[in-house]
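Peer 1: Numbering-wise, full-length UniProt numbering puts 471 at position 471 of the sequence shown, and it's gapless, one number per residue. C-beta: ideal position from N, C-alpha, C; glycine also.
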Amino acid sequence: MPSKASSAPRPELGREFASTGDGRDITRPWIGALALSDDSVLQHRGAPDLKIYREVLSDDEVKSAFSQRQDALISREIKVEAGGERPVDIEAADAMRQQIDALGFDRITRLMHYGVFYGYAVSELIYGVRDNLLWIDDIKVRDRRRFRFSPKGELRLLTPQNMMAGEPCEGPYFWSFSTGADHDDEPYGLGLAHWLYWPTFFKRNDIKFWLIFLDKFGMPTVAGKHPEGATPEQKRNLLALTRAISTDSGVIMPEGMSVELMSAARSGAADYQAMYNAMNEAIRRVTVGQISSSGGAAKGIGGNESLQDKVLDSIVKADADVICESWNRGPGKWFTEFNFPDAAVPVVSRAFEEAEDLKDRAERDKTISETTGYRPTLATIKETYGGEWEQKPEPVSVPRGAAPSSFAEHDPDHNDTSTLMAGRLNTELRPVMDGWINQIKALVDSAETADELRDSLTALIPNMSLDDYARILGEAMSAAALAGRNDLLEEMNGR
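1. What I want to know is whether the C-beta of residue 13 ends up closer than 7 Å to one or more non-hydrogen atoms of the ligand HEM.
2. Please identify the residue among 98, 451, 120, 156 whose C-alpha is closest to the C-alpha of residue 131.
3. Which one of 27, 437, 136, 140 has the shortest CA to CA distance from residue 186?
4. State the DSSP-derived secondary structure class of residue 497, mapped to helix, strand or coil.
5. Could you tell me the alpha carbon to alpha carbon distance between residue 201 and residue 182, rounded to whole angstroms?
6. Look at the Cβ atom of residue 309, then the Cβ atom of residue 116, and state whether they are nearer than 8 Å.
7. CA-CA distance, residue 126 and residue 136?
8. Just to check my reading of the structure: residue 239 and residue 257 have Cβ atoms closer than 8 Å, yes? What is that Cβ distance to the nearest angstrom?
9. For residue 294 and residue 64, what's the separation of their Cα atoms in angstroms?
10. Across which residues does DSSP place residue 133 in a beta bridge pair?
11. Quick one: grab the DSSP three-state call for residue 166.
12. Counting along the chain, where does the beta strand (DSSP E) carrying residue 157 start and finish?
13. Between the alpha carbons of residue 78 and residue 388, how many angstroms are there, rounded?
14. Taking Cβ positions, are residue 141 and residue 164 nearer each other than 8 Å?
15. So for residue 76, helix, strand or coil by DSSP?
16. Between residue 66 and residue 287, which are expected to be in contact by the criterion C-beta below 8 Å, what is the C-beta distance as a whole number of angstroms?
17. Using the DSSP secondary-structure output, state which residues sit across from residue 121 in a beta bridge.
18. Report the option in 431, 356, 326 whose CA atom is closest to the CA atom of residue 175.
19. Please report the residue range of the alpha helix (DSSP H) in which residue 485 lies.
20. Tell me which residue opens and which closes the alpha helix (DSSP H) that residue 88 is part of.
21. Measure the alpha-carbon distance for residue 290 versus residue 277 and round it to whole angstroms.
22. For the beta strand (DSSP E) holding residue 349, just list the boundary residues, first then last.
23. Residue 503 to residue 473, Cα distance in whole Å?
24. When we look at the beta-carbon of residue 173 and count the other beta-carbons within 10 Å, is it buried (16 or more) or exposed?
25. Using only alpha-carbon positions, find the residue among 15, 153, 151, 168 that is nearest to residue 496.
26. With DSSP collapsed to three states, give me the class of residue 149.
27. Going by CA-CA distance only, name the one from 384, 451, 377 that's closest to residue 391.
28. Would you kindly work out how many angstroms separate the C-alpha atoms of residue 120 and residue 360, rounded to a whole number?
29. To the nearest angstrom, how far is the alpha carbon of residue 417 from that of residue 466?
30. For residue 347, which residues of its own chain have a beta-carbon under 7 Å away from its beta-carbon, when the five flanking residues on both sides are left out?
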């Protein structure tokens, strides 16, 4: 047991030692009223403005891949679960469910999801009153370029009158989250745009040079040759002539001058196409975790469609967790505290549990029942398969000694010999079997312990004669053989 002198001191409540807003952060040597983003792309290419990331989103492949990621998120159903089991917890969850439905949460989720692309998202809550509850009438997702964070991580709104420090954005009225950074000291997060900037930049420049190449290949450069000693005016006329060749159907030139078409020595289209495809693959890897696209064949990790779906599901679930957790810790918490102070905060999430294949479940239940002898209860069947269930009717048994009714056409004078003989055998064996059963039943009724029953059965077995049973069964087998011969003779004689 450690000594008292070496034990840790009692922690101070709420103490934060390595904060970033007090000038002690060595990674931020200059502290102003507003924090600067650590995003290296923004620092060197676009300052704190996010306009260059909007240009990234204008790329067709980026837009397609990110829309696929958004659609996969929005397609998941919203779940609201009570934070506890008390009546007030359930009441708070019901109110939260109505609040979510009234807001149009899918639209809000789609807009807030752009925070994953840019690094952070900001929205404003508009409050009202409904059914004696403090209600969120609307949530407006604002342009994140209008907002900055203080060195302590406080949200600030930039206005024309206050561009240096910004106006404070109080918690109950503004909902924000950041994601993507590898530590909590970065309030702006680090969005997908940071990783997509260079692939789109290289792709855009590749297309520019590709177009230049196509122009050169489709219309070769015209080279004019003039004799030595040509005057400047003659050179200007020759240059104008070379330009006219690209647009006019016919030209004239003075004797002594000539023109040549300088065509591309080889086709570089494959090189530009490879660069274009490589950048598109990089974009899709970053955005949806795969390289297949609607316009090309998949390969590598993208070649397995099942694996693609699993990768995308895991990415989308992570996005849903970020947004829903932010809601539960922000607007969801405020809504609950204002209206149900004693209730646990309801948990809002997206459903990612796939529906169970009932055919596979039925096969599994059948296998378990056949191998173990156990079967599911009626309550389990209703819960698993739904609907109403009733007991399966027992099959109708044929009375002993009577032939079953037949709906097929047959000779009414012809008796079903096998059925009659089976009924006769059953009738004659019944007394023998009843005698055995009665003897065993008498032992069971008289035995007081399991050991006594065991000993009594052991003593009874030698006295249970099989003579009558064997005699009756032998007569039945002889009769069956004779009946079979008779049927065969009748068939041979054409009866």
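Peer 2: Per the coordinate set shown:
1. Of the ligands one can find in the structure shown there are none, so the ligand HEM has no counterpart to examine.
2. 98
3. 27
4. Any answer about residue 497 is impossible in this case: the structure gives the chain only from 1 up to 495.
5. 25 Å
6. no
7. 6 Å
8. That pair is no contact at about 11 Å.
9. Only weak support is given to the placement of residue 294: the predicted model assigns it a pLDDT of 45, under 50, and the question is left unresolved by the model.
10. 130
11. strand
12. 155–159
13. 28 Å
14. no
15. coil
16. 6 Å
17. 177
18. 326
19. 467–492
20. 87–103
21. 13 Å
22. 347–350
23. Residue 503 lies beyond the residue range present for the chain, which begins at 1 and ends at 495; the question has no answer from this structure.
24. exposed
25. The question about residue 496 has no answer here: the residues shown for the chain are numbered 1 through 495.
26. strand
27. 377
28. 43 Å
29. 27 Å
30. 81, 83, 328
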